[in-house]
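See structure below.
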Amino acid sequence: MTFDQMREMFEAYTGTSDQVDSVQLALWFNEAQMDLAYDLGPLESAELETDEEGCVRPGEDWLTLIGCDLPFRRLPDGRLQLEGETAGKRIYYRRIPKALSGTNGSEESELLPALHYLPALFAASRYWDVESEGDGEESKHASKWLSYYYQGKNLAKARLELARGQLEGWYVY
Numbered sequence: 028m029t030f031d032q033m034r035e036m037f038e039a040y041t042g043t044s045d046q047v048d049s050v051q052l053a054l055w056f057n058e059a060q061m062d063l064a065y066d067l068g069p070l071e072s073a074e075l076e077t078d079e080e081g082c083v084r085p086g087e088d089w090l091t092l093i094g095c096d097l098p099f100r101r102l103p104d105g106r107l108q109l110e111g112e113t114a115g116k117r118i119y120y121r122r123i124p125k126a127l128s129g130t131n132g133s134e135e136s137e138l139l140p141a142l143h144y145l146p147a148l149f150a151a152s153r154y155w156d157v158e159s160e161g162d163g164e165e166s167k168h169a170s171k172w173l174s175y176y177y178q179g180k181n182l183a184k185a186r187l188e189l190a191r192g193q194l195e196g197w198y199v200y
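Numbering follows this note's numbering, with no gaps: position 98 of the sequence shown is 125.
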């Protein structure tokens, strides 16, 4: 879904038309994208490259670590200390999604297409929060739209977990 399509969805949710600046709307969409990306963002993998101490330093685009082909432990400075030979081994992580600028209506979110409606829900919540200025009725609108956003996010997470299969156990590193 393009930025303009998400804008149209936002305007349908809020009953507004061109009342919110595109850059402000992009900020709200990006805030939602970051929140969604921790659990549902783009997955990446990279071949392990270690520093002189045999550790992997997280890349600039890393958001959260998913796994590694080798056992590791996280050091206080954020690096990963690996156990074993790194040749041909990979690390898996969720990447920070590219931010929407709000200046190009054809920009697309890097999140899965099934999630593209969620930033519009989130933005509707932020819109009503700003509009409320202490008014109880509009504050309720903000809470309602944020609730819709979290319901959609949690449903997407639950469906993703079901698609992965039943959880067999936890691993503590």
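From the three backbone atoms N, C-alpha and C, an ideal C-beta is built for every residue, glycine too. On a predicted model such as this, the values are computed, not experimentally measured, just so you know.
In this chain, the beta strand (DSSP E) harbouring L109 covers 107-109.
Taking C-beta atoms as the reference points, W55 and R153 count as a pair closer than 7 Å.
By the Cβ rule, the segment 120-127 does not count as touching the segment 74-83, because fewer than three pairs are nearer than 8 Å. DSSP places E35 within a helical segment (H, G or I) once states are collapsed to three. One alpha carbon belongs to G42, the other to A64, and they sit about 28 Å apart. By a beta-carbon distance limit of 8 Å, A114 does not contact Y40. Their separation comes to about 51 Å. Only residues of its own chain outside the window of five on either side were considered, and among them R84, P85 have a CB closer than 8 Å to the CB of G105, listed in chain order. L127 and R34 have their C-alpha atoms spaced approximately 12 Å apart. With a threshold of 16 other beta carbon atoms within 10 Å, E110 falls short and is exposed. For A183 against L142, the beta-carbon gap comes to about 6 Å, under 8 Å, which counts as contact. In the structure shown, S72 adopts extended strand secondary structure according to DSSP, grouped into three states. Membership of L102 in any beta strand (DSSP E) is not indicated, and neither H nor E is assigned to it by DSSP. Excluding sequence positions up to five before and after G94, its CB lies within less than 8 Å of the CB of I118, Y119, all in the same chain and listed in chain order. Taken in chain order, the complete alpha helix (DSSP H) segments of 4 or more residues contained in the segment 95-176 are 144-159.
When rounded, the separation of the alpha-carbon atoms in Q178 and E112 is 43 Å.
Here V47 carries a coil assignment [DSSP, helix/strand/coil]. Excluding residues up to 5 positions away in sequence, G129 lie with their Cβ nearer than 8 Å to the Cβ of D48 in the same chain.
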